[in-house]
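If you read the sequences in order, they're chains A, B and C. Converting from the first sequence to our numbering requires adding 15 to each position, the first position being numbered 1. Converting from the second sequence to our numbering requires adding 15 to each position, the first position being numbered 1. Converting from the third sequence to our numbering requires adding 15 to each position, the first position being numbered 1. Here a beta-carbon is modelled for each residue, glycine too, at the ideal position from N, C-alpha and C.
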Amino acid sequence: MIWKEIEIPTSARVQLKDVTALVVNELQKSKVNNGICYVYVPHTTAGVTINENADPDVVTDLINNLERLVPVKGNYRHAEGNSDAHLKASIVCFSQAIPVIDGRLALGTWQGIYFCEFDGPRRRKLLIGF
Amino acid sequence: MIWKEIEIPTSARVQLKDVTALVVNELQKSKVNNGICYVYVPHTTAGVTINENADPDVVTDLINNLERLVPVKGNYRHAEGNSDAHLKASIVCFSQAIPVIDGRLALGTWQGIYFCEFDGPRRRKLLIGF
Amino acid sequence: MIWKEIEIPTSARVQLKDVTALVVNELQKSKVNNGICYVYVPHTTAGVTINENADPDVVTDLINNLERLVPVKGNYRHAEGNSDAHLKASIVCFSQAIPVIDGRLALGTWQGIYFCEFDGPRRRKLLIGF
Numbered sequence: 016m017i018w019k020e021i022e023i024p025t026s027a028r029v030q031l032k033d034v035t036a037l038v039v040n041e042l043q044k045s046k047v048n049n050g051i052c053y054v055y056v057p058h059t060t061a062g063v064t065i066n067e068n069a070d071p072d073v074v075t076d077l078i079n080n081l082e083r084l085v086p087v088k089g090n091y092r093h094a095e096g097n098s099d100a101h102l103k104a105s106i107v108c109f110s111q112a113i114p115v116i117d118g119r120l121a122l123g124t125w126q127g128i129y130f131c132e133f134d135g136p137r138r139r140k141l142l143i144g145f
Numbered sequence: 016m017i018w019k020e021i022e023i024p025t026s027a028r029v030q031l032k033d034v035t036a037l038v039v040n041e042l043q044k045s046k047v048n049n050g051i052c053y054v055y056v057p058h059t060t061a062g063v064t065i066n067e068n069a070d071p072d073v074v075t076d077l078i079n080n081l082e083r084l085v086p087v088k089g090n091y092r093h094a095e096g097n098s099d100a101h102l103k104a105s106i107v108c109f110s111q112a113i114p115v116i117d118g119r120l121a122l123g124t125w126q127g128i129y130f131c132e133f134d135g136p137r138r139r140k141l142l143i144g145f
Numbered sequence: 016m017i018w019k020e021i022e023i024p025t026s027a028r029v030q031l032k033d034v035t036a037l038v039v040n041e042l043q044k045s046k047v048n049n050g051i052c053y054v055y056v057p058h059t060t061a062g063v064t065i066n067e068n069a070d071p072d073v074v075t076d077l078i079n080n081l082e083r084l085v086p087v088k089g090n091y092r093h094a095e096g097n098s099d100a101h102l103k104a105s106i107v108c109f110s111q112a113i114p115v116i117d118g119r120l121a122l123g124t125w126q127g128i129y130f131c132e133f134d135g136p137r138r139r140k141l142l143i144g145f
């Protein structure tokens, strides 16, 4: 099994960044034909999810809806002011596993892979494994 | 690694459908003895989770509780009226990984695998891999 | 692939218990060098997540924030009084997959693995697989 680390610079406090093309690129280099593609986020205030890649309003709604559920300002103890980001990351999760069939990511028609920044902007890392 | 696609017809806008027997059936055909069973949902308004297979009130509470957290009607931009479904899917996740030990799914006593429809009824797909 | 079951005693109704050292211990015994480490919770009112291992206030905020979103007392049907725990477990998920690189868990600097008890105290199980 091979793991590749790539850098993901983010540009806002909260950002869902489409990384599908980066993952597809690593898959093509790996020459894996059938299996699983893993993406893993080694952070505690960022995560990764899958969602719609067509209408950007979906991503905006996801961000606003998560902010409504877990506001940045709240009755938190942690002094760094990013307690919301820690919970948001645990909600969307830190990894996704996507089938690889006949050398291609078996994403659904409307699925893209989104790196979820919840406490940026920062330089982040994403691990991709096959 | 082998992936199998099965059809999951759903019958309501929101439905948690127990697919455990379908997954067990594929496991038995696969003859895998030790490893992992993956289930993957290639959609953006449906997901998959694990939860109690005994009292159906648990599933009803899960559905009602998710609806309370992310209501179908809200201040959303996306024009298709299913922004809630996109977030609900990201919350429960698009895949689950279940241990296979001695040819059996190592689900806990009370665990079942639920396909989570959040914008049905539709004909959906589920990928099962070993 | 090898699965190991370990016991996790919990000591409160809701508790995020750091199990990183237990997982690392199993990894060392397994002699796996490159691959994936899976942790799987075979329960329906407990789960597993990854989050910060430094400031304990982060864990306190995670617990309080989840309780605010999904209160123990609510308009639930399920008679056992733990409907909140079932949803909390589905939110954080029942498994995590962590890269193994050069014989080490490739957790981020601040990441720890937390067994999430939502209906304790109980004797729980955790499956660890490589």
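Chain-ordered neighbours of residue i on chain C, where CB pairs are closer than 7 angstroms
i                      : result
residue 136 of chain B : Simply none; closest approach about 22 angstroms.
Residue j beta carbon less than 7 angstroms from that of residue i
i                      : j                     : result
residue 128 of chain B : residue 65 of chain B : yes
residue 63 of chain C  : residue 54 of chain C : yes
Beta-carbon proximity list for residue i, same chain, < 7 angstroms, skipping 5 on both sides
i                      : result
residue 97 of chain C  : 60 and 134
residue 86 of chain C  : 99
residue 45 of chain A  : 17 and 145
residue 39 of chain A  : 120
residue 37 of chain A  : 21
residue 138 of chain C : 22 and 24
Cutoff 6 angstroms; reference residue i; Cβ partners in own chain excluding five residues on either side
i                     : result
residue 81 of chain C : 103
residue 57 of chain B : 140
residue 34 of chain C : 128 and 130
residue 19 of chain C : 41 and 143
residue 92 of chain A : none
Those residues which DSSP pairs with residue i across a bridge
i                      : result
residue 64 of chain A  : A:129
residue 52 of chain C  : C:113
residue 17 of chain B  : Looking at the DSSP assignment, residue 17 of chain B forms no beta bridge with any residue, so it has no partner.
residue 30 of chain B  : B:132
residue 143 of chain C : C:19 and C:54
residue 120 of chain C : C:115
residue 138 of chain B : B:24
When the options are compared against residue i, the one with the closest alpha-carbon
i                      : options                       : result
residue 25 of chain B  : B:89, B:45, B:53 and B:136    : B:136
residue 43 of chain B  : B:132, B:130 and B:118        : B:118
residue 107 of chain C : C:121, C:131, C:41 and C:22   : C:131
residue 94 of chain B  : A:72, A:40 and A:45           : A:72
residue 16 of chain C  : B:23, B:89 and B:113          : B:113
residue 145 of chain C : C:31, C:78, C:91 and C:48     : C:48
residue 69 of chain C  : A:77, A:38, A:39 and A:101    : A:101
residue 90 of chain C  : B:89, B:79 and B:138          : B:79
residue 121 of chain A : B:120, B:77, B:23 and B:110   : B:110
residue 29 of chain C  : C:39, C:76, C:38 and C:37     : C:76
residue 31 of chain B  : C:105, C:125, C:116 and C:126 : C:105
residue 125 of chain A : A:88, A:116, A:92 and A:67    : A:67
Under 8 angstroms by beta carbon: chain C residues contacting residue i
i                      : result
residue 144 of chain A : 51 and 114
residue 45 of chain A  : The premise fails here: residue 45 of chain A is roughly 13 angstroms from chain C at the closest Cβ pair, so nothing lies under 8 angstroms.
Residues that residue i contacts on chain A, provided the C-beta gap is smaller than 8 angstroms
i                     : result
residue 59 of chain B : 65, 66, 67, 73, 123, 125 and 126
residue 55 of chain B : 112, 113, 114 and 121
Chain-ordered chain B contacts of residue i [CB-CB under 8 angstroms]
i                     : result
residue 85 of chain C : 80 and 84
Partner residues on chain C for residue i, Cβ-Cβ distance less than 9 angstroms
i                      : result
residue 108 of chain A : 64, 65, 107, 108 and 111
residue 102 of chain B : Result: empty, since nearest Cβ-Cβ is about 12 angstroms, beyond 9 angstroms.
Amino acids of chain A, ordered along the chain, whose beta-carbon sits closer than 7 angstroms to that of residue i
i                     : result
residue 91 of chain B : 76
residue 70 of chain C : 93
Same chain, Cβ closer than 8 angstroms to residue i, neighbours up to 5 away in sequence not counted
i                      : result
residue 27 of chain C  : 132, 135 and 136
residue 116 of chain B : 49
residue 83 of chain A  : none
residue 123 of chain B : none
Where residue i meets chain B, residues with beta-carbon distance less than 9 angstroms
i                     : result
residue 26 of chain C : Those within 9 angstroms of residue 26 of chain C in chain B number zero; the least Cβ separation is about 21 angstroms.
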